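Residue 36 is where the sequence shown starts when you use our numbering, and the numbers rise one by one after that.
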Amino acid sequence: MPTVIAPTDFSDKSAHALRVAAHYAMTHDATLCCLHVVEELDEGSSWLLLVEPPEQIERDVVNARKEKLRDFVTKHLPTNFPFEKVEHEVRVGSAIDEILMCSQKKDTSLIVVGSIGHGVVMATFLGSTANQLVRQSEVPVLIVPPSEAHDVNFQHILAPVDQADSNHQSLLAAYDMAKNTGGKVTALHAMNATLAGAGDPGFPVYIGPGTLESLSQDRQLWLDKLIQKLKLSEHISTASISYDAPAQAIQEYAKEHDVDLICIGSHGRRGVRRFLLGNTAERLLRKAPCPVLVIPIKDDN
């Protein structure tokens, strides 16, 4: 049975992420693993090193956190969630390392983490954990902002599409999500009106209205044919072209059309992962108005 991992630090933001993870697990018949990582002793407990062996202190801390984790999960888990499908796990070490090792140990289909919100640097419960996860994880990562305004049923999913992505895994993932939730997908292709694929990106080339319109029609035809080729017409309600830069286009479309989930792809080898649309995903994670699902895409080779 697949597993959804929900790391938590017992904060309100991770409580909301836990509820989203639980809903996803229910709709996908998955086990929910509630994970807490102990990275270091509380400042008020460091004196114990003077009177007790480190091994005993670690056991006591882990046992205390396990009890706290069970109480936290019981309080915030939806009442209709089957508790026999809940796992409680406390690990000691680096948060990012332990989350990744836990995901590798299990048949993990998704990692769900809560973000602090919209700022210069969008972080999660342990600083840059979200950023590291989307760069290193081999399984999809769902970043959940603290607001509960979005629909956790994910009825409207936005899937940015780029011509550089030859296998379109993020679009396929959005389609599969819509099938499970009964929602719809909007496929969005953004082309910068200044660059539009011409010239050196360091020296933007302006393209006149006539040429831009012709290029837009070509991209729209490509997008329509792609959806037909992948046989995704059933749940994809709209295929749109935007003249804005990708990150801006995605953010504005999501705000204006009540999008519940943005599904994007990242590709590259773990540790040196590059984002599918350059730094679009990183910018998007900072200002996204709704949850963002990041799909790791393996290189063609």
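We put the CB at the ideal spot given by N, CA and C, even for glycine. These numbers were taken from a predicted model, which means no experiment stands behind them.
Go through its chain and collect everything with a Cβ distance to residue i's Cβ below 6 Å, but skip five positions before and after it.
| i | result |
| --- | --- |
| residue 36 | 66 |
| residue 62 | 215 |
| residue 267 | 210 |
| residue 271 | 220, 222, 262 |
| residue 48 | 149, 181 |
| residue 196 | 206, 222, 224 |
| residue 251 | 276 |
| residue 336 | At residue 336, the pLDDT of 45 sits below 50, so the modelled position is not reliable; the number obtained from the coordinates is stated separately. Closer than 6 Å at the Cβ level, and outside the excluded window around residue 336, lies no residue. |
| residue 115 | none |
| residue 64 | none |
| residue 287 | none |
| residue 123 | 69, 104, 105 |
| residue 208 | 298, 330 |
Whose C-beta lies closer than 8 Å to the C-beta of residue i among residues of the same chain, with five residues either side of it excluded?
| i | result |
| --- | --- |
| residue 58 | 113, 187, 188 |
| residue 293 | 191 |
In three-state DSSP terms, what is residue i?
| i | result |
| --- | --- |
| residue 281 | helix |
| residue 219 | strand |
| residue 174 | coil |
| residue 38 | strand |
| residue 70 | strand |
| residue 296 | strand |
| residue 248 | helix |
| residue 363 | Since the first residue shown for the chain is 36 and the last is 336, residue 363 is missing from the structure and cannot be characterised. |
| residue 267 | coil |
| residue 301 | strand |
| residue 191 | strand |
| residue 53 | helix |
| residue 203 | coil |
| residue 58 | helix |
| residue 43 | coil |
| residue 114 | coil |
| residue 65 | coil |
| residue 169 | helix |
| residue 196 | coil |
| residue 272 | strand |
| residue 129 | coil |
| residue 262 | helix |
Considering only C-alpha positions, which residue in the set the options is nearest to residue i?
| i | options | result |
| --- | --- | --- |
| residue 198 | 294, 220, 261, 74 | 261 |
| residue 94 | 291, 287, 125, 196 | 125 |
| residue 322 | 225, 248, 180 | 180 |
| residue 72 | 136, 116, 115 | 136 |
| residue 96 | 127, 117, 165, 122 | 127 |
Using a threshold of 8 Å, state whether the C-beta atoms of residue i and residue j are closer than that.
| i | j | result |
| --- | --- | --- |
| residue 178 | residue 150 | yes |
| residue 301 | residue 281 | no |
| residue 130 | residue 90 | no |
| residue 68 | residue 108 | no |
| residue 289 | residue 324 | yes |
| residue 194 | residue 120 | no |
Check the C-beta distance from residue i over to residue j and give it rounded, since I have them as a contact under 8 Å.
| i | j | result |
| --- | --- | --- |
| residue 213 | residue 147 | That belief does not hold up - the Cβ atoms of residue 213 and residue 147 are roughly 18 Å apart, past 8 Å. |
| residue 141 | residue 38 | 4 Å |
| residue 328 | residue 298 | 5 Å |
| residue 295 | residue 192 | 7 Å |
| residue 319 | residue 285 | 6 Å |
| residue 218 | residue 190 | 4 Å |
For residue i, I'd like the list of residues in its chain whose CB is within less than 7 Å of its CB, leaving aside the five on either flank, ordered along the chain.
| i | result |
| --- | --- |
| residue 138 | 40, 146, 172, 174 |
| residue 111 | 50, 53, 54 |
| residue 106 | none |
| residue 103 | 45 |
| residue 168 | 131, 134, 146, 148, 176 |
| residue 204 | 300, 330, 332 |
| residue 307 | In this prediction, residue 307 scores a pLDDT of 39, lower than 50, which makes its location untrustworthy; the coordinate-derived value is nonetheless stated afterwards. Cβ within range, chain order: n/a, list empty. |
| residue 291 | none |
| residue 259 | 274 |
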